[in-house]
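So the protein lines, in turn, are chains A and B. FYI, in the numbering used here the residues of the first sequence are 5 to 222. FYI, in the numbering used here the residues of the second sequence are 5 to 222. In what follows, a single structure is set out as C-alpha cells and then discussed.
Protein chains: 2
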Amino acid sequence: MAPLKLHGVPFSTCTARVMACLEEKNVQYEICPVDLSTGAHKRPDFISKNPFGQIPVLEDGDITLFESRAICSYIAHKYKDQGTDLLQHGNLHGFAKVMVGCEVESQQFNPAMGPIFFHTFIAPMRGWAPDQKAIDENVVKVGAVLDVYEKMLTSSKYLAGDSYTLADLNHLPYITYIMKTPHANLINSRPHVKAWWEAVSSRPASLKVTQGMTLGSK
Amino acid sequence: MAPLKLHGVPFSTCTARVMACLEEKNVQYEICPVDLSTGAHKRPDFISKNPFGQIPVLEDGDITLFESRAICSYIAHKYKDQGTDLLQHGNLHGFAKVMVGCEVESQQFNPAMGPIFFHTFIAPMRGWAPDQKAIDENVVKVGAVLDVYEKMLTSSKYLAGDSYTLADLNHLPYITYIMKTPHANLINSRPHVKAWWEAVSSRPASLKVTQGMTLGSK
Chain A
5 MAPLKLHGVP
15 FSTCTARVMA
25 CLEEKNVQYE
35 ICPVDLSTGA
45 HKRPDFISKN
55 PFGQIPVLED
65 GDITLFESRA
75 ICSYIAHKYK
85 DQGTDLLQHG
95 NLHGFAKVMV
105 GCEVESQQFN
115 PAMGPIFFHT
125 FIAPMRGWAP
135 DQKAIDENVV
145 KVGAVLDVYE
155 KMLTSSKYLA
165 GDSYTLADLN
175 HLPYITYIMK
185 TPHANLINSR
195 PHVKAWWEAV
205 SSRPASLKVT
215 QGMTLGSK
Chain B
5 MAPLKLHGVP
15 FSTCTARVMA
25 CLEEKNVQYE
35 ICPVDLSTGA
45 HKRPDFISKN
55 PFGQIPVLED
65 GDITLFESRA
75 ICSYIAHKYK
85 DQGTDLLQHG
95 NLHGFAKVMV
105 GCEVESQQFN
115 PAMGPIFFHT
125 FIAPMRGWAP
135 DQKAIDENVV
145 KVGAVLDVYE
155 KMLTSSKYLA
165 GDSYTLADLN
175 HLPYITYIMK
185 TPHANLINSR
195 PHVKAWWEAV
205 SSRPASLKVT
215 QGMTLGSK
C-alpha cells in the first residue's frame with residue numbers, strides 16, 4: 005500500500021506533531037516538502053488541499069486532512085491497534101483523560117505558548133522586533149498552566165495517566181523549541197514537569213522527529 | 005443509572021456546547037448550577053474537579069471531565085450508537101472530516117470569535133470598556149474563516165459532509181450570541197453560511213439549549 009503523504013517541513017511545529025504521531029504508530033509515510041519561502045502553501049494546488057493555506061496536510065489515499073491535531077486524532081483512531089496506544093482505546097476512564105489532556109493542550113497551553121514561540125523564533129527570522137510584552141504576559145500564563153501540570157504529575161507519570169498518549173505528544177513541538185531558550189526554566193523549575201518532559205522527549209519517536217527541528221539553530 | 009451531572013450554567017457558551025451534545029445524543033443529565041457571581045468555580049471543591057477553575061465539568065460516575073470540547077468528544081464516542089451520529093462513526097472518510105472540522109472550529113474560528121464575544125458581552129457586564137480594536141481585528145479574522153466555510157458549504161450541507169456532526173455543533177454557542185448583535189452580518193452576508201446556520205440553529209436540540217442563552221438579554 006502506498007505510504008501516507010505528509011505535506012510539510014520537519015522544522016515546523018505542526019508538521020513535527022504529526023510526524024511524532026506517525027512514528028509512535030509505526031505508520032509508513034513520506035514527507036512532501038512545501039517551500040514556505042516561495043509561498044508554495046498559498047498557491048492554488050496547495051489551497052485545494054487545505055483552504056487555510058497552512059502546513060501540514062496529510063493525504064491517505066483519497067482522504068485529505070489538515071490541522072495537525074485533527075490528523076493526529078485520525079491516525080490514533082485509524083491505527084488504534086498498532087504502535088503506542090495514544091488514545092487509551094477500550095478503557096473509558098483512560099480515554100476520557102486523554103480527551104481532557106488533549107483539549108487542555110489545545111485551549112490552555114497552546115494559546116499561551118504560541119506567542120512566546122512566535123516572538124522568540126519567527127519574528128526575528130522575519131526581521132521583526134519581538135513583542136517583549138506579549139512574551140512576558142504569556143510566560144506568566146504558561147507558568148500557570150504548568151503549575152496545574154506539576155500537581156497532576158505528582159499522581160501520574162503522564163498527563164492522562166501512567167501511559168504516554170496524545171495528550172503528552174501534542175506538547176512535543178513547542179516545548180522542544182522552548183527548551184533551546186532561557187524559557188526552558190518554565191520546565192526545569194518544576195520537578196515533576198521536568199521529569200515528564202525528560203520521559204516525553206527521550207522516546208525514540210520523539211528523538212527521531214526533534215532532530216529535524218532546526219529553527220533557531222546556528 | 006444515575007444521570008450524568010453537568011456542573012455549569014445554561015447561559016455559558018461552554019456549558020451550552022456540552023448541553024447541545026447531550027441533547028443530540030439523548031443522554032439524561034442534570035445541571036448542577038455553579039454560582040459564578042460568588043466565585044464558586046474558584047473554590048477548592050470545584051478546583052478538585054477542574055484545576056483550571058472553569059465551567060463546565062461533567063461527572064459520569066467516577067469519571068470527571070472538563071474542557072467542553074473534550075466532554076463533547078467523550079459523549080460522542082461513549083454513546084456512539086444512540087442519538088445523532090456526531091462522529092460519522094464507522095465511516096473513515098466522514099470521521100476524518102469531522103476531526104478536521106472540529107479542529108478548524110477550535111484553532112481558526114474560536115480564537116477569533118472569542119475576543120468578539122468577550123468584548124461584546126462580558127466586558128460590558130463587568131463595567132469594562134470594550135476594546136473596539138480587538139473587535140474590529142477579529143471580525144476580519146472571523147470573516148476570513150467564514151469565507152472558507154462559504155466555499156466548503158457549496159458542496160455539502162454541513163461542515164463535515166451532508167450530516168450534522170460535532171464539527172457543526174461546536175459552533176453553536178458563539179454564533180447564537182453573535183446573531184443577537186450587528187455582527188450577525190458575518191453570517192447573514194454569506195448565503196451558504198446563513199443556510200447552514202439556519203439548519204444548525206433550528207434543530208430541536210439546539211432550540212432547547214439556546215433558549216437558556218440569555219446573556220445580553222434585556
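Ideal Cβ positions, reconstructed from N, Cα and C, are used throughout, including at glycine.
Cβ shell of residue i (< 7 Å), same chain only, five flanking positions each side left out
| i | result |
| --- | --- |
| Met156 of chain B | Leu163 |
| Val197 of chain B | Leu150, Tyr153, Glu154, Leu157, Ile191 |
| Tyr178 of chain A | Thr17, Met117, Phe121 |
| Gln112 of chain B | Val149 |
| Ile79 of chain B | Cys25, Leu26, Lys29, Val31 |
| Thr185 of chain A | Thr124 |
Own chain partners of residue i with C-beta closer than 8 Å, once the 5 adjacent residues on each side are dropped
| i | result |
| --- | --- |
| Asp166 of chain A | Ser160 |
| Pro195 of chain B | Glu154 |
| Trp200 of chain A | Tyr153, Leu157, Lys161, Tyr162, Leu163, Asp172 |
| Ala20 of chain B | Pro14, Leu176, Pro177, Thr180, Val213, Thr214, Gly216, Met217 |
| Val22 of chain B | Leu10, Gly12, Pro60, Leu62, Ser72, Ile75, Cys76, Ile79 |
Top-ranked residue by Cα proximity to residue i, from the options
| i | options | result |
| --- | --- | --- |
| Glu141 of chain B | B:Pro119, B:Trp132, B:Ala133 | B:Pro119 |
| Ile75 of chain A | A:Ala188, A:Met117, A:Lys29, A:Lys145 | A:Lys29 |
| Leu62 of chain A | B:Pro60, B:Thr88, B:His97, B:Val61 | B:His97 |
| Gly12 of chain A | A:Leu176, A:Pro48, A:Gly57 | A:Gly57 |
| Ala171 of chain A | A:Asn189, A:Glu202, A:Met103 | A:Met103 |
| Pro128 of chain A | A:Ser221, A:Met23, A:Ala20 | A:Ser221 |
| Gly87 of chain A | A:Pro208, A:Phe15, A:Gly216, A:Thr218 | A:Pro208 |
| Glu202 of chain B | B:Gln136, B:Ile59, B:Met183 | B:Met183 |
| His187 of chain A | A:Leu219, A:Val108, A:Ile139 | A:Ile139 |
| Asn174 of chain A | A:Asn114, A:Leu40, A:Asn95 | A:Asn114 |
| Phe99 of chain A | B:Ser193, B:His81, B:Ser41 | B:His81 |
Partner residues on chain B for residue i, Cβ-Cβ distance less than 7 Å
| i | result |
| --- | --- |
| Glu71 of chain A | Val104, Glu107, Val108, Gln111 |
| Ala203 of chain A | The premise fails here: Ala203 of chain A is roughly 21 Å from chain B at the closest Cβ pair, so nothing lies under 7 Å. |
Run of the alpha helix (DSSP H) containing residue i, from where it starts to where it stops
| i | result |
| --- | --- |
| Lys9 of chain A | Unbroken run through Lys9 of chain A is the beta strand (DSSP E), 8-12; no alpha helix (DSSP H). |
| Val61 of chain B | Val61 of chain B -> not in any alpha helix (DSSP H); beta strand (DSSP E) instead, spanning 61-64. |
| Tyr162 of chain B | It is not in any alpha helix (DSSP H) - Tyr162 of chain B carries neither H nor E in the DSSP assignment. |
| Phe99 of chain A | 96-108 |
| Tyr178 of chain B | 176-182 |
| Ile191 of chain A | 189-192 |
| Tyr153 of chain B | 136-156 |
First and last residue of the uninterrupted beta strand (DSSP E) at residue i
| i | result |
| --- | --- |
| Leu228 of chain B | In the structure as shown, chain B starts at 5 and stops at 222, and residue 228 of chain B therefore has no counterpart that could be examined. |
| Glu28 of chain A | No beta strand (DSSP E) holds Glu28 of chain A; the alpha helix (DSSP H) holding it covers 17-28. |
| Phe70 of chain A | 67-70 |
| Pro37 of chain B | 33-37 |
Cβ shell of residue i (< 6 Å), same chain only, five flanking positions each side left out
| i | result |
| --- | --- |
| Gln32 of chain A | Pro7 |
| Ile35 of chain B | Leu10 |
| Asn54 of chain A | Val61, Phe70 |
Beta-carbon neighbours of residue i, restricted to chain B and to distances below 9 Å
| i | result |
| --- | --- |
| Tyr78 of chain A | Leu96, Phe99, Ala100, Met103, Val104 |
| Ile67 of chain A | Leu96, His97, Ala100, Lys101 |
Listed by chain order, chain A residues near residue i by CB distance under 8 Å
| i | result |
| --- | --- |
| Phe121 of chain B | Here the premise fails: no neighbours, minimum Cβ distance about 15 Å. |
| Pro55 of chain B | Val152, Lys155, Met156 |
| Pro115 of chain B | Pro115 |
Under 9 Å from the C-beta of residue i: neighbouring residues of chain A
| i | result |
| --- | --- |
| Lys82 of chain B | Leu96, Phe99, Ala100 |
Chain-ordered chain C contacts of residue i [CB-CB under 7 Å]
| i | result |
| --- | --- |
| Pro177 of chain A | You won't find chain C in this structure, because its protein chains are A and B. |
Presumed contact (8 Å Cβ cut-off) between residue i and residue j, rounded CB distance
| i | j | result |
| --- | --- | --- |
| Thr169 of chain B | Gly65 of chain B | At roughly 26 Å, the Cβ-Cβ gap does not stay under 8 Å, so Thr169 of chain B and Gly65 of chain B are not in contact. |
Contact set between residue i and chain B, taken where Cβ atoms lie within less than 8 Å
| i | result |
| --- | --- |
| Ala127 of chain A | What Ala127 of chain A touches in chain B: nothing, since even the nearest Cβ is about 18 Å away. |
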